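Encoded as structure tokens, the structure appears first; notes follow it.
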Amino acid sequence: MERTDWQKWAAVIFCAAAAVVAGWLIIKYLLGIFIPFLIAWGVALAVVPAAGWVSKKTKIPQKLCAFVLLLLVLVIIIMTATLVIDRLIFELRQMVERILSGEGGLGESIKHIAGQLQNLGDKIPFLRDLRGQAGFESFLENFNSLIVKLLTDLISGLSSFLPSVILRTVAKLPSAILLLIVTVVACFYFCMDLKSIHASLLLLLPGGVAERMPELKSKVFCAVGKWLRAYTILLGITFAGLFVGLMILGVEYPLFVALVGSLVDILPVLGVGTILVPWSIYELITRNFRLGFGLLILYAVMVIVRQVAEPRVVGDSFGIHPLATLVAMYAGLRLFGVAGMILLPALVMLIGSMVKPKEPAKDKKG
Numbered sequence: 000m001e002r003t004d005w006q007k008w009a010a011v012i013f014c015a016a017a018a019v020v021a022g023w024l025i026i027k028y029l030l031g032i033f034i035p036f037l038i039a040w041g042v043a044l045a046v047v048p049a050a051g052w053v054s055k056k057t058k059i060p061q062k063l064c065a066f067v068l069l070l071l072v073l074v075i076i077i078m079t080a081t082l083v084i085d086r087l088i089f090e091l092r093q094m095v096e097r098i099l100s101g102e103g104g105l106g107e108s109i110k111h112i113a114g115q116l117q118n119l120g121d122k123i124p125f126l127r128d129l130r131g132q133a134g135f136e137s138f139l140e141n142f143n144s145l146i147v148k149l150l151t152d153l154i155s156g157l158s159s160f161l162p163s164v165i166l167r168t169v170a171k172l173p174s175a176i177l178l179l180i181v182t183v184v185a186c187f188y189f190c191m192d193l194k195s196i197h198a199s200l201l202l203l204l205p206g207g208v209a210e211r212m213p214e215l216k217s218k219v220f221c222a223v224g225k226w227l228r229a230y231t232i233l234l235g236i237t238f239a240g241l242f243v244g245l246m247i248l249g250v251e252y253p254l255f256v257a258l259v260g261s262l263v264d265i266l267p268v269l270g271v272g273t274i275l276v277p278w279s280i281y282e283l284i285t286r287n288f289r290l291g292f293g294l295l296i297l298y299a300v301m302v303i304v305r306q307v308a309e310p311r312v313v314g315d316s317f318g319i320h321p322l323a324t325l326v327a328m329y330a331g332l333r334l335f336g337v338a339g340m341i342l343l344p345a346l347v348m349l350i351g352s353m354v355k356p357k358e359p360a361k362d363k364k365g
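End of the sequence shown sits at 365 in numbering that gives the first Met the number 0; the numbers just go up one at a time, nothing left out.
Following this line, the structure appears as structure tokens:
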């Protein structure tokens, strides 16, 4: 019995190592090639069952239902993406113009902070006595010159960096348009012939593997579904909380800040405090107490909500210990980058679901 268990765990460890190596190779060399077809396959998996249900209810051919539903999904996605991108561009343009402007820009903000710190120094005896020491005024002048030089270099660097980013983005537009066209065309092919495509792929597999595919498919879909559900819920909670809170506080760029904050919050160690805490300190120093304390309250609310929701979401959706999830996210981030941080926990869930013993069936009484 012990030998059987040892062999089982050795096989699991070997399969996990092989899966990690295969995942690294796929992410590095093949993911960019197959990403439009994976997206199209995922869309078809959502559209085809819905088309079958509509076809049964309306007696309309399933392929026609799939075609219409796919058009509807694509229109909704394109309209939503257009509105979000348009809003993000508007907020980014305003933000850059404010940073680069002379009046009310970054330089004015630093001068305002320096003035507030000087007023604070006048009220504290220790700092007031320190200012009376010989050489302190010279130190302040040199420090002020250093800050001005740093700000000048920062603004000039930002001014030269933005055009290069715009040029690189424009240069990648043809590839992005080609990717979009291939994805849309592949969506139609997958939605029209999903069953025949699956059947053709099964014919390429060895007999034993093909027989186990239904069981493997259910486990993969269960693991990936739980993974998507967990990340969607966590991102949605953070984004909605930040967006609503920033709108209430009257922040100028709520959509952009909420989007960046939700993406930062999903990373290990980092969280919304990385953005909200320094921001609130800046607002308090500049005597904008309403926004400063409002950001601190928003941060406290987000922390409480995450502490309550995250264990439930991670426990229910991932089905593995939170420590294993953290290890998988960190290892994936170090090995494969951001994509590995997202995909490796899904692989751990899949392996866990395969080695998890089946629960004994409960006897039905009466």
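The C-beta atom is built at its ideal place from N, Cα and C for all residues, glycine as well.
Computed from a prediction, not measured in an experiment: that's the story for all the values here.
Burial check for Ser-261: the Cβ neighbour count within 10 Å reaches 16 or more, so the residue is buried. The beta-carbon separation of Met-301 and Thr-237, rounded to 7 Å, stays under the 8 Å limit for a contact. In terms of Cα proximity to Ala-323, the closest of Phe-255, Val-243, Leu-346 is Leu-346. In this structure Asp-264 is in contact with Val-271, their Cβ atoms being roughly 5 Å apart against a cut-off of 8 Å. For the pair Tyr-252 and Glu-90, the CB atoms are nearer than the 7 Å cut-off. Excluding five sequence positions before and after Leu-295, the CB atoms of its chain that fall closer than 7 Å to its own CB belong to Ser-279, given in chain order.
For Ile-38, the uninterrupted alpha helix (DSSP H) segment begins and ends at 30-57.
Going by beta carbons, Ala-43 and Phe-189 fall inside the 7 Å limit.
Taking Cys-186 as reference, the option from Val-47, Ile-32, Gly-331 with the minimal CA-CA separation is Val-47. The alpha carbon of Arg-305 has as its nearest neighbour, out of Leu-29, Gly-235, Ser-54, Ile-284, the alpha carbon of Gly-235. If you check the CB distance, Cys-64 and Val-74 do not come in under 7 Å.
In terms of Cβ geometry, Trp-23 and Phe-335 form a close pair [threshold 7 Å].
Per DSSP, Lys-27 is not a residue of any alpha helix (DSSP H), being assigned neither H nor E. Here Val-271 carries a coil assignment [DSSP, helix/strand/coil].
Here DSSP, grouped into helix, strand and coil, assigns Tyr-230 to helix. Residue range 253-264 is occupied by the alpha helix (DSSP H) that includes Asp-264.
Take the alpha-carbon of Leu-283 and the one of Met-246: they are about 19 Å apart. Collapsing the DSSP output to three states places Val-181 in a helix.
Taking the Cα positions, Leu-71 is about 15 Å away from Thr-81. With a cutoff of 7 Å on beta-carbon distance, Ala-50 and Leu-68 are scored as near each other. A check of alpha carbon separations from Gln-61 across Leu-290, Lys-194, Arg-333, Pro-277 identifies Lys-194 as the nearest. For Asn-287, the closest alpha carbon among the candidates Val-250, Ile-38, Ala-229, Ala-17 is that of Val-250.
The beta carbons of Leu-178 and Pro-35 sit closer together than 7 Å.
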